[in-house]
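Undergrad: Structure below; questions to follow.
Number of protein chains: 2
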Amino acid sequence: MERLTTMARRQAASAETSADEAAPPPEKRRRVRIKPEERYREFVSKAVELFAEVGFDAGTRELAQRLDVTQPLLYRYFPSKSDLISAVYKEIYLDRWKPGWSGMIEDESEPLRARLQHFYEDYTETIFTPEWLRIYMFAGLRGVDINARYVVNVETDLLMPMARAVRRELGLDPDAPVRPEEVELFWTLHGGIFYYGVRKVVYGFDCPIGKEQMIANAVAAFLDGAASVMRGFAAEEAAPPIAPSSRRRSPGSRR
Amino acid sequence: MERLTTMARRQAASAETSADEAAPPPEKRRRVRIKPEERYREFVSKAVELFAEVGFDAGTRELAQRLDVTQPLLYRYFPSKSDLISAVYKEIYLDRWKPGWSGMIEDESEPLRARLQHFYEDYTETIFTPEWLRIYMFAGLRGVDINARYVVNVETDLLMPMARAVRRELGLDPDAPVRPEEVELFWTLHGGIFYYGVRKVVYGFDCPIGKEQMIANAVAAFLDGAASVMRGFAAEEAAPPIAPSSRRRSPGSRR
DNA sequence: GTGCTTATTTATCAATCGATAAATGATGCG
DNA sequence: CGCATCATTTATCGATTGATAAATAAGCAC
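Just so you know, the sequences run in chain order E and C. All you need for the numbering used here is the position in the first sequence, starting with 1, plus 10. All you need for the numbering used here is the position in the second sequence, starting with 1, plus 10.
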């Protein structure tokens, strides 16, 4: 009680200003006890919400206020703010990944185009939310390795299955190793769809075309176009190019 | 480093501790006078660099330090930090836009595919830099209108010219108003290419395929695929669909 | 009820932030 | 040279940040 330190000292040193009038009522806090693991989930969940809105510079006090809890309580559950951020990463990029996606893509009981349509409808339902997209971008800008690792998952579990599926469709060898050019080609499809979500959800741009229709058009155009390009890759593979240094030729034969 | 003023003051006020030992040499600042407009450009330029690295929460003190100038000097050139940020926006999204791009796309003295190739090589040379991409993302996450306005420019000056060019190529009416579905289709090409830059420059992902080759493949695949999809659009336009409510049919005929 | 455990709050620190006022000195003009 | 202008620095404020220590009280066991 007696240890008035910095503020009191400053005040006393600067002037009088009799600081103890109009003191707001102390306003006792209602104190509810919740079992730790539930609190933990509560904290992470609200942290996801707050960080998605404001970014990782959002204050711990604001988070505590939204949870109707005092700020130091956070430090009983997370040693530091960066630990809280790690928990947020895990919640979004690990817990929300569905292992069934790669199966959806390669399962041949349905036509390829329909499979891609269904996969992307499901995938975008997961990631086209402010929480997912915004935190993904915030994390990427922070330079954490999360995004680089996530991108590897996308390549191995989504894009390479797609490449194999298209090869089967075209009668090409589905077991040949997927070439980097092919992966890159599927990235343009994936990135194009991804960017639709960014425009709509993050930039708040009004997209007149619905998500399903956009996916349908993108997939249809891609499959048609990718066919000739990938046939070109395969031909190049079968008959190695005459001059290996002239690798800048435009690939694939026109229709 | 420069905050030992406060500390020294506190020390002197609180107790003895003979605060003037080990006192770092006051270290007079070299004071150089530079004409205001040059300073201004210097400030904006370094601010672009700093904000691209750290984000808009980068401190004014750090910026001043990089400029080898004291922090209050910034406030002689910018009334507030947000004014500095506005200047950064202008430098990147207005000053770096080349009005010649739309001409590059529609100029028919070259084949369409080559035009798109050259345009995207030039365009990506402008935007595939940490400064451009990272500040674009930071700004988008902040919710400033900059991005929404930029996106409009992309649509009207880049994507709609592309759509018209493809129509000419296909023998369709180039003067018919560009339909939203078409714009959206070109967004998938644009977004796909854009996302290559994000992966490489922002996420630091190692892309084994060079920029030019990636553009070549994306453009080739897109043009082949977009052809059938856009022919589907045109047919739908000429002969209005029987049941206007069943708009979920997949567009375009398969090859 | 009594008492113990521990979830929660109160009080506070040191650092950093954007911003302002006043002192200083480099530069060009006469 | 002397002098005035103004670009630049010094000093400092008040607010806010992440984090810690100590006091408090909710809820369970008995």
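Cβ coordinates follow ideal geometry from the N, Cα and C atoms, glycine included. Since this is a predicted model, take the numbers as computed values, not measurements.
Output needed for E/GLU101: all residues of its chain with C-beta closer than 7 Å, excluding positions within five of it in sequence on either side, in chain order.
TA: Here the set comprises VAL54 and VAL58.
Undergrad: Are C/ARG209 and E/VAL98 close, meaning C-beta to C-beta below 8 Å?
TA: No, they are not a contact pair.
Undergrad: Taking C-beta to C-beta, are C/TYR213 and E/ALA236 nearer than 8 Å?
TA: Contact: no.
Undergrad: Check this for me: beta carbons of E/ALA74 and E/LEU60, under 8 Å apart or not?
TA: Cβ distance not < 8 Å, so E/ALA74 and E/LEU60 don't count as in contact.
Undergrad: Could you give the distance in angstroms between the alpha-carbon of E/PHE215 and the alpha-carbon of E/ARG43?
TA: Distance between the alpha carbons of E/PHE215 and E/ARG43: 43 Å.
Undergrad: Counting along the chain, where does the alpha helix (DSSP H) carrying E/GLU120 start and finish?
TA: Unbroken run through E/GLU120: none, as it is neither H nor E.
Undergrad: Taking its Cβ as the centre, do 16 or more other Cβ atoms sit within 10 Å of E/ARG144, making it buried, or is it exposed?
TA: Buried, because 16 or more other Cβ atoms sit within 10 Å of the Cβ of E/ARG144.
Undergrad: Three-state secondary structure (DSSP) at C/ASP132?
TA: C/ASP132: helix per DSSP, three-state reduction.
Undergrad: Using beta-carbon positions only, say whether C/GLU246 and E/ILE219 come within less than 8 Å of one another.
TA: Not in contact: C/GLU246 and E/ILE219 (Cβ atoms no closer than 8 Å).
Undergrad: Hey, quick one: how far does the alpha helix (DSSP H) through C/LEU180 stretch, first residue to last?
TA: Where C/LEU180 is concerned, the enclosing alpha helix (DSSP H) stretches over 170-180.
Undergrad: What first and last residue would you give for the alpha helix (DSSP H) that runs through C/ILE95?
TA: Counting along the chain, the alpha helix (DSSP H) containing C/ILE95 begins and ends at 91-99.
Undergrad: For E/PHE243 and E/ASP167, I'd like the C-alpha separation in whole angstroms.
TA: In a straight line, the C-alpha of E/PHE243 is about 22 Å away from that of E/ASP167.
Undergrad: Once DSSP output is grouped into helix, strand and coil, what is the label at C/TRP107?
TA: Reduced to three states, the DSSP call for C/TRP107 is coil.
Undergrad: Examine chain E for any beta-carbon lying closer than 8 Å to the beta-carbon of C/ALA244, and answer yes or no.
TA: No, C/ALA244 lies away from the interface with chain E (no Cβ there is under 8 Å from its Cβ).
Undergrad: Is the Cβ of E/VAL191 closer than 8 Å to any Cβ of chain C?
TA: Here residue 191 of chain E turns out to be Glu, not Val, going by the sequence shown. So yes, E/GLU191 belongs to the interface.
Undergrad: Could you check if C/ARG86 is buried or exposed, using at least 16 other CB atoms within 10 Å of its CB as the buried criterion?
TA: By the 10 Å Cβ count, C/ARG86 comes out exposed.
Undergrad: Check for me: the alpha helix (DSSP H) holding E/TYR87 runs from which residue to which?
TA: It spans 84-87 - the alpha helix (DSSP H) in which E/TYR87 sits, taken as one unbroken run.
Undergrad: Kindly say whether E/MET170, judged by its beta-carbon, lies nearer than 8 Å to any beta-carbon of chain C.
TA: Not closer than 8 Å to any Cβ of chain C, the Cβ of E/MET170 fails to qualify, so no.
Undergrad: Comparing the C-beta of C/THR139 with each C-beta of chain E, is any distance below 8 Å?
TA: Chain E contact via Cβ: absent.
Undergrad: Are any of the Cβ atoms in chain E nearer than 8 Å to that of C/ARG178?
TA: Not closer than 8 Å to any Cβ of chain E, the Cβ of C/ARG178 fails to qualify, so no.
Undergrad: For the putative contact between C/ALA173 and C/PHE196, defined by C-beta atoms under 8 Å, what is the C-beta separation to the nearest angstrom?
TA: That pair is a contact at about 6 Å.
Undergrad: Does C/ALA186 come out as helix, strand or coil in the three-state DSSP assignment?
TA: Residue state, collapsed to three classes: coil.
Undergrad: Do you know how far the Cα of E/ILE137 is from the Cα of E/ILE156?
TA: Near 15 Å, if we compare the C-alpha coordinates of E/ILE137 and E/ILE156.
Undergrad: I'd like the list of long-range same chain contacts for E/ARG71, defined as Cβ closer than 6 Å, with 5 residues on each side in sequence excluded.
TA: The answer, listed in chain order, is GLN81.
Undergrad: How many Å lie between C/ASP225 and E/LEU169 at the Cα?
TA: Just to set this straight, residue 225 of chain C is Ile in the shown sequence, not Asp. Distance between the alpha carbons of C/ILE225 and E/LEU169: 18 Å.
Undergrad: Do we get a CB-CB distance below 8 Å when we pair C/PRO187 with the residues of chain E?
TA: Judged by the 8 Å Cβ criterion, C/PRO187 is not in contact with chain E.
Undergrad: Return helix, strand or coil for E/GLY113, following the three-state DSSP convention.
TA: DSSP places E/GLY113 in helix when its eight states are reduced to three.
Undergrad: C/SER96 to C/LEU122, Cα distance in whole Å?
TA: Using only the alpha carbons, I get a separation of about 37 Å.
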